[in-house]
Amino acid sequence: MVQSITGPAASHGPDGPAGADAAAGPADAIDKPALLRASWLEGFDAAVVRDAAACGTLRRVSDGELVHARGADADGFYTLARGSIRFTRTTADGHATTIAMLDAPNWFGEISLFDGLPRTHDAHAAGDAMLLFHARTDFHRLLARHPAIYARFARTLCLRLRATFDLVEEAAVAPLAQRLARRLLELAHIRPSIMNVTTTVRGRDVPLTQEELGHLLGMSRQTIAKQLRQWEHDGLVQARYGRISIKQPGVLTRLAYPDRQGLRAPRQEPRPNEDLP
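Position one of the sequence shown corresponds to residue 1 (the UniProt record's numbering), numbered consecutively onward.
This is the structure we're talking about:
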């Protein structure tokens, strides 16, 4: 279970991005060490966590606010303390295509910091959110001081690459119903994914439109709507504009994983002192 990350706000200077600690206000107080221990510094020594907390600043973002733009230079690294982030790309006709959703207490922005290339996607707040921001220079200074952190990021990036290969294979061989069921279970936090490993028994509503689901799966909105109507008729889901509720997660799980007697446990990240293979 993820520990609470709400606590006394730390005091910091004026440096850092707009909307940092002082602007967050006492109502949005976040226990930064607890947040880091619940995310990318899980299992690390207290000294590492303390150093990372000291150079991170809190930033509050409103629903729909741009966090970073595709093609922009990387200014830093983000840990999601509260809320969700939507990653999109804009099509030639000006429509934003949802690529992924990320929820607290996950992190993002490390790719451009490691390869030195521009941001790969637009990132917007999906609802009000709170971020812990590490500026680029602070992030690299932290890695230089605590090189064991490199192993954590290397393993995480490898796991995400493996998950990408799995998605490519799934897109080639799995039928639409199976693929849609898997994405809904992951987005509802009933099943873990490489982007969001935390799950809940009852799950949550999926905060996407049918068009956005179609973009995620490479299908038309009409195709997604047809499948959802069938499932709604069968009592498996309830579809409303911009939101889908899972009514029978057990049945949907059997549709998503028809060949499994027992569901495979999610891949676990190693402790920081484990050697990479």
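The C-beta atom is built at its ideal place from N, Cα and C for all residues, glycine as well.
Rounded C-alpha distance that separates residue i from residue j
i              : j                : result
proline 147    : valine 48        : 10 Å
residue 280    : alanine 188      : With the chain covering 1 to 277 only, the question about residue 280 has no answer from this structure.
alanine 154    : glutamine 230    : 42 Å
alanine 256    : alanine 104      : 25 Å
lysine 226     : alanine 125      : 29 Å
proline 258    : phenylalanine 44 : 39 Å
proline 118    : valine 251       : 42 Å
leucine 131    : glutamate 212    : 24 Å
valine 173     : tyrosine 78      : 35 Å
leucine 228    : histidine 95     : 23 Å
valine 237     : lysine 247       : 5 Å
leucine 254    : alanine 181      : Sequence check: residue 254 is arginine here, not leucine. Looking at the two C-alpha atoms, the distance is approximately 9 Å.
aspartate 31   : proline 175      : 44 Å
aspartate 63   : threonine 209    : 16 Å
alanine 129    : leucine 80       : 8 Å
proline 33     : asparagine 106   : 14 Å
isoleucine 224 : arginine 141     : 46 Å
Limits of the unbroken alpha helix (DSSP H) element including residue i
i            : result
threonine 90 : Unbroken run through threonine 90 is the beta strand (DSSP E), 84-90; no alpha helix (DSSP H).
valine 206   : Taken as a continuous stretch (DSSP letters only), valine 206 belongs to no alpha helix (DSSP H), as it is neither H nor E.
arginine 37  : 32-37
arginine 136 : 136-145
alanine 126  : Element bounds for alanine 126: n/a, residue is neither H nor E.
arginine 60  : Where arginine 60 is concerned, there is no enclosing alpha helix (DSSP H), although the beta strand (DSSP E) it sits in stretches over 57-61.
serine 112   : 110-115
Where the beta strand (DSSP E) containing residue i begins and where it ends
i              : result
isoleucine 244 : 243-246
arginine 119   : Element bounds for arginine 119: n/a, residue is neither H nor E.
leucine 236    : From DSSP, leucine 236 is part of no beta strand (DSSP E); its letter is neither H nor E.
alanine 74     : It is not in any beta strand (DSSP E) - alanine 74 carries neither H nor E in the DSSP assignment.
Assigned secondary structure, residue i (DSSP; H/G/I helix, E/B strand, else coil)
i              : result
residue 279    : It is not possible to answer for residue 279, since the shown part of the chain is limited to 1 through 277.
isoleucine 190 : coil
aspartate 45   : coil
histidine 68   : strand
aspartate 93   : coil
alanine 54     : helix
aspartate 103  : strand
tyrosine 257   : coil
alanine 172    : helix
alanine 148    : helix
alanine 29     : coil
Whole-angstrom C-beta distance between residue j and residue i, which should lie under 8 Å
i                 : j             : result
arginine 179      : leucine 217   : 6 Å
glycine 56        : glycine 83    : Their Cβ separation, rounded to whole angstroms, is 17 Å, which puts glycine 56 and glycine 83 out of contact at 8 Å.
valine 168        : leucine 184   : Going by Cβ atoms, the distance from valine 168 to leucine 184 rounds to 20 Å, so no, they are not a contact pair.
phenylalanine 133 : leucine 113   : The Cβ separation is near 12 Å, so there is no contact.
isoleucine 99     : histidine 121 : 6 Å
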